[in-house]
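Under this note's numbering, the letters of the sequence shown match residues 6 to 359, in that order. Each residue gets a CB set at the ideal place from its N, CA and C atoms; glycine is no exception. Keep in mind it's a predicted model, so treat the numbers as computed, not measured.
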Amino acid sequence: MKAILLAGGLGLIGTLLGTRWAIAILTRRGYGQLIRDDGPTSHHTKRGTPTMGGLVIMVVVVVAYLLAKLITESRPSISAVLLLGLFVGMGFVGFLDDYIKIAKQRNLGLRSKAKFAGQTIIAGAFGWLSLQFPDERGNTPATAAISFIRVLGWKMPLVIVIVWVLIMVAGTSNAVNLTDGLDGLATGSAMMVFGAYTLVEIWQNNQFCANRPGPQCYNDIRDPLDLAVVAAAFTGACFGFLWWNAPPAKVILGDTGSLSLGGAMAGFAIMTRTELLLVVLGGLFAIVTMSVILQVGFFKLTKGKRLFRMAPLHHHFELIGWDEVTITIRFWLICGICVALGLGIFYAEWVVGS
């Protein structure tokens, strides 16, 4: 528990102080955000706001975790190492996307095929490695079966598992990327989801079969307590970064931040055996993504008509006259409801089965 508190506190302090220093560097180098010409006109005032702020979160999360382990004199687990590897790998893909936009002064960074190739390589490596390294009970960081609150049963062949991991990682990272359209929206929402996973992992550790045998104890999860340390580092880092990213933002996450945070969410869901529960916990991200899918589908079916004034959904509300701060706060409230519902489902399953 000491390591969890340390990681969360160090994460918060690290981004709270480090982001100010990063803003000065990014501004001096001219790493400013480019704005879509077809987006809401109110966003044009954000042109030039320092971007790639996700780099700060990446560095702080890794350092906060390692310092927490060093101070408590405990060894990092393979689950934590793999999850942080996924996080940094997805962040690198996002960094390339951001850097190309800045270097070529265009709103399009990596081509879609190149971005997907990068996501495929990172997710595929994570999926394969997560099925290795069994502990003394035979538990690997990930499992070959799909899970909701626990593993549902049927185990899939290795190729199908890797495809499933790719769908989860690419889908979640792109969902966070789509949500990152208003100041503070993705960061604040991600903070809530990571906070939820901190609680989930603490509970799974406390109800681990080796510690507390019972009908509903958890026996197939590897390193739940260490994953809680990582989740706490994420929660604290997002909290501190939000000080600078809240509207009006002094720095923007960029694809560096959104792709890496989304990848990490998928990693937590996979390693805690709560893959489908992520749709509930991250309900806001699912809603935003669905709005884009519906918009594209409706546009094609009706040959040019639009379901929303603009997608993703938060831009629709901007165009009907809502203030950006109002949208952000109300979407945070929706995210909070989704997180509370997800935690309620998680706990209710344990209560009913006990």
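Bridge partners - residue i, DSSP secondary structure assignment
{"i": "residue 160", "result": "150"}
{"i": "residue 223", "result": "213"}
Other residues of its chain near residue i: CB distance less than 8 Å, five sequence neighbours each side excluded
{"i": "residue 201", "result": "286, 344, 347, 348"}
{"i": "residue 180", "result": "267, 287, 290, 291, 293, 294"}
{"i": "residue 32", "result": "55"}
{"i": "residue 352", "result": "208"}
{"i": "residue 339", "result": "288, 289, 292"}
{"i": "residue 252", "result": "187, 188, 189, 329, 330, 333"}
{"i": "residue 89", "result": "66, 67, 70, 235"}
{"i": "residue 81", "result": "70, 71, 74, 231"}
Local conformation of residue i per DSSP, three classes
{"i": "residue 355", "result": "helix"}
{"i": "residue 237", "result": "helix"}
{"i": "residue 144", "result": "coil"}
{"i": "residue 165", "result": "helix"}
{"i": "residue 21", "result": "helix"}
{"i": "residue 6", "result": "coil"}
{"i": "residue 82", "result": "coil"}
{"i": "residue 309", "result": "coil"}
{"i": "residue 127", "result": "helix"}
{"i": "residue 49", "result": "Summary for residue 49: the model assigns pLDDT 44, below 50, so the residue's position carries little reliability, and this model does not support an answer."}
{"i": "residue 109", "result": "helix"}
{"i": "residue 192", "result": "helix"}
{"i": "residue 16", "result": "helix"}
{"i": "residue 246", "result": "helix"}
{"i": "residue 64", "result": "helix"}
{"i": "residue 252", "result": "coil"}
{"i": "residue 75", "result": "helix"}
{"i": "residue 5", "result": "Given a span of 6 to 359 for the chain in the structure shown, any question on residue 5 remains unanswerable."}
{"i": "residue 218", "result": "coil"}
{"i": "residue 30", "result": "helix"}
{"i": "residue 260", "result": "helix"}
{"i": "residue 185", "result": "coil"}
{"i": "residue 138", "result": "coil"}
{"i": "residue 228", "result": "coil"}
{"i": "residue 99", "result": "helix"}
Own chain residues within Cβ distance below 7 Å of residue i, not counting five before or after
{"i": "residue 208", "result": "none"}
{"i": "residue 65", "result": "16, 19, 20, 23, 242"}
{"i": "residue 46", "result": "Since pLDDT at residue 46 reaches only 49, below the 50 mark, its modelled position is unreliable, and no value is offered."}
{"i": "residue 120", "result": "98, 102"}
{"i": "residue 36", "result": "55, 56, 57, 107"}
{"i": "residue 210", "result": "229, 230, 233"}
Same chain only: Cβ atoms within 6 Å of residue i, ignoring 5 sequence neighbours per side
{"i": "residue 8", "result": "73, 77, 234"}
{"i": "residue 185", "result": "191, 258, 263"}
{"i": "residue 135", "result": "87, 146, 147"}
{"i": "residue 313", "result": "300, 321"}
{"i": "residue 244", "result": "17, 196"}
{"i": "residue 303", "result": "312"}
{"i": "residue 174", "result": "128, 268, 271"}
{"i": "residue 212", "result": "222, 223"}
{"i": "residue 319", "result": "186, 187, 332"}
{"i": "residue 316", "result": "296, 297, 300"}
{"i": "residue 283", "result": "274"}
{"i": "residue 139", "result": "145"}
{"i": "residue 91", "result": "131, 268, 272"}
{"i": "residue 100", "result": "261"}
Expected contact under 8 Å - CB spacing of residue i and residue j to nearest Å
{"i": "residue 96", "j": "residue 63", "result": "5 Å"}
{"i": "residue 197", "j": "residue 59", "result": "No, residue 197 and residue 59 are not in contact; Cβ-Cβ is about 18 Å, not under 8 Å."}
{"i": "residue 132", "j": "residue 170", "result": "3 Å"}
{"i": "residue 256", "j": "residue 107", "result": "In fact, because the Cβ distance is near 14 Å, the residues do not count as touching under 8 Å."}
{"i": "residue 85", "j": "residue 237", "result": "Between residue 237 and residue 85 the Cβ distance is about 11 Å, and since that is not below 8 Å, they are no contact."}
{"i": "residue 226", "j": "residue 277", "result": "6 Å"}
{"i": "residue 280", "j": "residue 152", "result": "5 Å"}
{"i": "residue 337", "j": "residue 194", "result": "6 Å"}
{"i": "residue 249", "j": "residue 25", "result": "7 Å"}
{"i": "residue 154", "j": "residue 350", "result": "7 Å"}
{"i": "residue 143", "j": "residue 150", "result": "In fact, because the Cβ distance is near 14 Å, the residues do not count as touching under 8 Å."}
Residue-chain proximity (residue i, chain C), Cβ-Cβ < 7 Å
{"i": "residue 85", "result": "Chain labels in this structure do not include chain C; a single protein chain is all it has."}
Unbroken stretches of the alpha helix (DSSP H), 4 residues or longer, contained in the stretch 312-349: 318-324, all fully within the stretch 312-349.
Secondary structure, alpha helix (DSSP H): runs of 4+ residues fully inside the stretch 264-292: Segments of the alpha helix (DSSP H) lying fully in the stretch 264-292: 283-286.
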